[in-house]
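Residue numbers (UniProt numbering), protein chains in the order written: chain A, 1 to 545; chain B, 1 to 545. All C-beta atoms in this analysis are idealised placements derived from N, C-alpha and C, irrespective of residue type, glycine included. Note that the coordinates shown come from a computational prediction; the quantities given were computed from them, not determined experimentally.
Number of protein chains: 2
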Amino acid sequence: MLLLHRAVVLRLQQACRLKSIPSRICIQACSTNDSFQPQRPSLTFSGDNSSTQGWRVMGTLLGLGAVLAYQDHRCRAAQESTHIYTKEEVSSHTSPETGIWVTLGSEVFDVTEFVDLHPGGPSKLMLAAGGPLEPFWALYAVHNQSHVRELLAQYKIGELNPEDKVAPTVETSDPYADDPVRHPALKVNSQRPFNAEPPPELLTENYITPNPIFFTRNHLPVPNLDPDTYRLHVVGAPGGQSLSLSLDDLHNFPRYEITVTLQCAGNRRSEMTQVKEVKGLEWRTGAISTARWAGARLCDVLAQAGHQLCETEAHVCFEGLDSDPTGTAYGASIPLARAMDPEAEVLLAYEMNGQPLPRDHGFPVRVVVPGVVGARHVKWLGRVSVQPEESYSHWQRRDYKGFSPSVDWDTVDFDSAPSIQELPVQSAITEPRDGETVESGEVTIKGYAWSGGGRAVIRVDVSLDGGLTWQVAKLDGEEQRPRKAWAWCLWQLKAPVPPGQKELNIVCKAVDDGYNVQPDTVAPIWNLRGVLSNAWHRVHVYVSP
Amino acid sequence: MLLLHRAVVLRLQQACRLKSIPSRICIQACSTNDSFQPQRPSLTFSGDNSSTQGWRVMGTLLGLGAVLAYQDHRCRAAQESTHIYTKEEVSSHTSPETGIWVTLGSEVFDVTEFVDLHPGGPSKLMLAAGGPLEPFWALYAVHNQSHVRELLAQYKIGELNPEDKVAPTVETSDPYADDPVRHPALKVNSQRPFNAEPPPELLTENYITPNPIFFTRNHLPVPNLDPDTYRLHVVGAPGGQSLSLSLDDLHNFPRYEITVTLQCAGNRRSEMTQVKEVKGLEWRTGAISTARWAGARLCDVLAQAGHQLCETEAHVCFEGLDSDPTGTAYGASIPLARAMDPEAEVLLAYEMNGQPLPRDHGFPVRVVVPGVVGARHVKWLGRVSVQPEESYSHWQRRDYKGFSPSVDWDTVDFDSAPSIQELPVQSAITEPRDGETVESGEVTIKGYAWSGGGRAVIRVDVSLDGGLTWQVAKLDGEEQRPRKAWAWCLWQLKAPVPPGQKELNIVCKAVDDGYNVQPDTVAPIWNLRGVLSNAWHRVHVYVSP
């Protein structure tokens, strides 16, 4: 049987070499008699038309790259001889040795050669090996675009046996169908999972970001949790006791309330993309927001479970109640020393700006780790444990790390870099916007500045001439407590526009109380995941005559 | 006179070519009447036998090479005609053109031909040119071996004038008259007060900087304190008691020992001067050094005086026993929160690299504040008090602060900036040196990297092309403890020199575990005091054809 398959594949490959059918024609041919309806992707998979719009940006990143890379790929499907495969046959093709097959609707594809080229990484595509793509496309909706389907069509090798159409083992239900309704002001970088940022002009309108436009960074569908039955499981220390805490139980711990800025590691990634392609969502300057969080202190909860600070390095691992189709939950960890330090003020938060957490922000309970990258502020918190090692979560060990600009996907060694915890000093201009025309006379420049680790922002320098000369901006916002400056500064500079100036190259850079500064340019801090993008922020504007 | 010397040298060289005396015999002849006692080197030079042990590793590196390379070297000393030279004559021989002379005990050697063969590199031997070898041999005890002395004997050209042993002519009225004798390898930026740095090629020779070449930053004359009558006054808390601690009392507190890098805020100031004039000493890359410090913990001493951490911000003020002509002592302060935090490991140090503090480094007691700018590590400590405000010392309030490049001496408002405490991430290249010519084929680049606040250095990127492309250096040194990485990394990169390349623009930049990076260029961080100079370090070298 295996030999037969190989023979078929070989024949198809030969056919491809002989023919030179433009892929467009080929796709149309391939797409006939297709149970997958390319014209209505979102209906088929998501039941949500509006969502297609938001995928555009991710499409640019992932899909477009795929098209560019493979646009000259030739159709290898032999339309004249449709081969029929059973589901069982398909399911036996899950490795490079046997060939890697997947199905979409009734079509069968051999993607063996494509796996290593998958923009999302081989491992993600391999999750679908031997079975249907639908559940994964539903999760990563970026795939539902015509150029992705065109690409796939080139790998078609036949059809599924119609009699073999077992009732779909995958639920038709869209895992994102139950995601909450979002504020239309949000600039969506990805619908599924939902990732969106407030537009700059709203971002610094308020020191405290209103909940509906607080940037949202989800890795998976939003779980719908019942606050009455919700329990937080805290694994007890040896000699201590494990806890199963209801929301009421958490409220019975002393309540703490702090203002904390959260920033995604990928904030301002779009500027890195301009240097060279990176893997990740195209965040502009808005993957940062500030809220007033209330909750129990993690150190109090851990203490009740019998934990205490130990001499050896240990880590507090968090698991979310959001999970992927394989049941893997989002997870992350922070050092126990930070978790147990009352001065670090790590919260198990149940309130955001005086309200129960919105679903997108972790209802009913999330972790808030002041001064630390957003990825560790685990939402929909289900489980807390203390371990000798960092979380084994993908997002702790194989993501959210920084590398040298010289490291690419062929050479990257994720074990060689520490997981991002504290973030470096950051600032950005929110007004005026790039390309805008400003009045002559005087220009008002606004923005935000923040640093990780509780380091206060002590100064923001602004330049109108690309960095040749600088002026000091006025800082606004809540008082920055020493060593506990968890929240950003908003800043403003009113500066005369030099007479006769037709354009301005506005630049900002911040300094924190460790006198850390932002680097001048993006290229030298470029990294393959596009994280830690904190070079000077630059905005080019025109001056009205 | 110079001609005469040359004639003598020439004659000696000829003598060597004619004779074929086995070096062993020659050395014995040379070694007679030698005030240097080769059998007891450590007694002669360091007064510390134990310290020699630590240099053994270097011995393997440098000394052994010397023997292997020069074991067949012939004696050129003409025993029959002892020439007498004055110190002045010797000191005028410091270049290949004049000849390179050194002395050991009463003997004078012309090492012109040996310089390029020196196993430790020519530049290291050149540090002693025109003067005595003893201070360098004391530093690198590998030299105190018979085969090294044998080798040296072959270059003997005469004796020092016995009448030339002048008594030091320092006026008694000079407040600096009593300053200690310093190591001649130090590059002196200011004699009074004494400020000096080790040359780069010595700086990263050892992970632990030997005491004699540890950079010295004095603000005032060095006090000469009697350890028997020394007392440290610690002002008691309300309800507590003031302490008057002898050195023995301090030794009775639990002893802690930690490796800590100290860096002057002005390190690398000379690069800022190149942008625009600044006020301050012209430190190059050497205002940074690392030692193993031992002492009592400040928090233990403060606790005994009744101090505890309070809710309101407070500061621990230190006063030195050095003072200016008006009687004003050097002073500085750190936040009480840092002082009282056992994890911050602030020491009242009485030992440096296993020895009592050298006078230049605060004998008998100095403060060591890990992760914090050198200026707060008050030396010759006389008084400790807890105050609601920072120290009113000039050096706390009117110095050691950072400002925008736009601020000049007319506009500066010292109250507008916080005093420097933690320093930002730093790195520099120590080999090769700027302007040097390196071999084609492969270049070895060495340097140091460090960050403030206990943040570990996680990566050093090195570029050979001015920052267009980067390679990751190999990091060496003690393990960097999480949150307590008080000491530097040494780093190294062996990189192929691109064929045909005539010049290299070598650049380094470090990243710490808060993912802070160094800024690309100096001008945007320029400030009127020339502090916090941590832009990428750049070295331009030529490639030998």
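Neighbour list for tyrosine 515 of chain B in chain A, Cβ cutoff strictly below 7 angstroms: Those within 7 angstroms of tyrosine 515 of chain B in chain A are Gly402, Ile420, Leu423, Pro424 and Leu532.
Integer Cβ distance of residue 547 of chain A from proline 221 of chain A, believed to fall under 8 angstroms: The first residue shown for chain A is 1 and the last is 545, placing residue 547 of chain A beyond what the model contains.
Just how far apart, CA to CA, sit asparagine 144 of chain A and leucine 262 of chain A? When rounded, the distance between both Cα atoms is 31 angstroms.
Consider the Cβ of serine 406 of chain B: report whether some Cβ of chain A lies at a distance smaller than 7 angstroms. Yes, serine 406 of chain B lies at the interface with chain A (some Cβ there is under 7 angstroms from its Cβ).
Check asparagine 505 of chain A in the structure and name its three-state DSSP category. Of the three classes helix, strand and coil, the one that applies to asparagine 505 of chain A here is strand, per DSSP.
Can you grab the Cα-Cα spacing for the pair glutamate 134 of chain A / alanine 337 of chain A, in whole Å? Distance between glutamate 134 of chain A and alanine 337 of chain A, taken at the CA atoms: about 43 angstroms.
Less than 7 angstroms between CB atoms is the rule here; does aspartate 465 of chain A satisfy it with respect to chain B? No, aspartate 465 of chain A lies away from the interface with chain B (no Cβ there is under 7 angstroms from its Cβ).
With a threshold of 7 angstroms between beta carbons, is alanine 447 of chain A in contact with chain B? As written in the sequence, residue 447 of chain A is glycine, which differs from the alanine given in the question. Not a single CB atom of chain B sits nearer than 7 angstroms to the CB of glycine 447 of chain A.
Whole angstroms is fine: what's the gap from valine 90 of chain A's alpha carbon to proline 193 of chain A's? Roughly 28 angstroms separates the two Cα atoms.
For leucine 152 of chain A, is the classification buried or exposed, using 16 other Cβ atoms within 10 angstroms of its Cβ as the cut-off for buried? Burial is judged here by how many other beta carbons sit within 10 angstroms of a residue's own beta carbon; leucine 152 of chain A has at least 16 and is buried.
Using a Cβ cut-off of 7 angstroms (strictly closer), state whether isoleucine 458 of chain A contacts chain B. True, the Cβ-Cβ gap to chain B drops below 7 angstroms.
If you follow the alpha helix (DSSP H) that valine 412 of chain A is part of, which residue opens it and which one closes it? Counting along the chain, valine 412 of chain A falls outside any alpha helix (DSSP H), and DSSP gives it neither H nor E.
Decide if tryptophan 466 of chain B is buried, meaning its Cβ has at least 16 other Cβ atoms within 10 Å, or exposed. The question names tryptophan, yet the displayed sequence has glycine at residue 466 of chain B. Classification of glycine 466 of chain B: exposed, given that the 10 Å Cβ count is below 16.
Give a yes or no on whether the minimum CB-CB distance between valine 369 of chain A and chain B is below 7 angstroms. Closer than 7 angstroms: no.
Rounded to a whole number of angstroms, what is the C-alpha to C-alpha distance between proline 496 of chain B and lysine 474 of chain B? Distance between the alpha carbons of proline 496 of chain B and lysine 474 of chain B is about 15 angstroms.
Contact list for glutamine 471 of chain A against chain B, beta-carbon separation under 9 angstroms: Going along chain B in sequence order, the residues near glutamine 471 of chain A (Cβ under 9 angstroms) are Ser404 and Ser406.
Measure from the C-beta of glutamine 14 of chain B to each C-beta in chain A and report whether the shortest distance is under 7 angstroms. Unreliable placement is indicated for glutamine 14 of chain B, whose pLDDT of 42 sits below 50; the coordinate value is still reported in the next sentence. At a cut-off of 7 angstroms between beta-carbon atoms, glutamine 14 of chain B makes no contact with chain A.
Sub-7 angstroms separation of glutamate 442 of chain B and lysine 494 of chain B beta-carbons: It is a contact, given that the beta carbons lie within the stated cut-off.
Can you tell me which of the three DSSP states cysteine 489 of chain B falls into? Correct three-state label for cysteine 489 of chain B: strand.
Run through chain B and tell me which residues come within less than 8 angstroms of valine 412 of chain A, C-beta to C-beta. Contact note: valine 412 of chain A does not reach chain B at a C-beta cutoff of 8 angstroms; the least C-beta distance is about 12 angstroms.
Test: isoleucine 525 of chain A CB closer than 7 angstroms to a CB of chain B: Chain B contact via Cβ: present.
Are alanine 305 of chain A and glycine 382 of chain A close, meaning C-beta to C-beta below 7 angstroms? Contact: no.
Mapping the DSSP letters down to three states, classify serine 323 of chain B as helix, strand or coil. Note: serine 323 of chain B maps to strand in three-state DSSP.
Closer than 7 angstroms to chain B by CB, threonine 521 of chain A: Yes, threonine 521 of chain A counts as interfacial toward chain B.
Taking the continuous alpha helix (DSSP H) assigned at serine 395 of chain B, which residues delimit it? The identity of residue 395 of chain B in the sequence shown is tryptophan, whereas the question assumes serine. From DSSP, the alpha helix (DSSP H) with tryptophan 395 of chain B extends over 394-397.
Secondary structure at aspartate 228 of chain A, three-state DSSP: helix, strand or coil? Here aspartate 228 of chain A sits in coil by DSSP.
Per-residue DSSP class, three states only, for residue 564 of chain A: Nothing in the structure corresponds to residue 564 of chain A, since chain A is present only between 1 and 545.
Residues in its own chain within less than 6 angstroms of glutamate 351 of chain A by CB, not counting five upstream and five downstream? Excluding sequence neighbours, glutamate 351 of chain A sits near Ala294.
Could you say if the region 421-438 of chain A and the region 524-540 of chain A meet the contact criterion of at least three C-beta pairs nearer than 8 angstroms? As far as the Cβ criterion goes, the region 421-438 of chain A touches the region 524-540 of chain A, which means the pair count is three or higher.
Just to make sure I have the definition right: I need the residues of chain A whose C-beta is within less than 7 angstroms of the C-beta of arginine 483 of chain B. Which are they? The contact set of arginine 483 of chain B on chain A, defined by CB atoms closer than 7 angstroms, consists of Ala337 in chain order.
Rounded distance between the beta-carbons of serine 406 of chain B and threonine 469 of chain A, thought under 8 angstroms: Yes, threonine 469 of chain A and serine 406 of chain B are in contact; Cβ-Cβ is about 6 angstroms, under 8 angstroms.
What residue range does the alpha helix (DSSP H) around alanine 339 of chain B cover? Run containing alanine 339 of chain B: 336-340, per the alpha helix (DSSP H) assignment.
Could you compute how far the alpha carbon of phenylalanine 403 of chain A sits from the alpha carbon of serine 533 of chain A? Going by the C-alpha atoms only, they are around 12 angstroms apart.
Using the beta-carbon of each residue, which ones in chain A are nearer than 8 angstroms to aspartate 461 of chain B? What aspartate 461 of chain B touches in chain A: Ser404, Pro405, Ser406 and Pro524.
Is it buried or exposed for cysteine 299 of chain B, if we count other Cβ within 10 angstroms and need 16 for buried? So cysteine 299 of chain B counts as buried.
When DSSP builds the beta bridges, which residues end up paired with isoleucine 445 of chain B? According to DSSP, isoleucine 445 of chain B bridges with B/Leu493.
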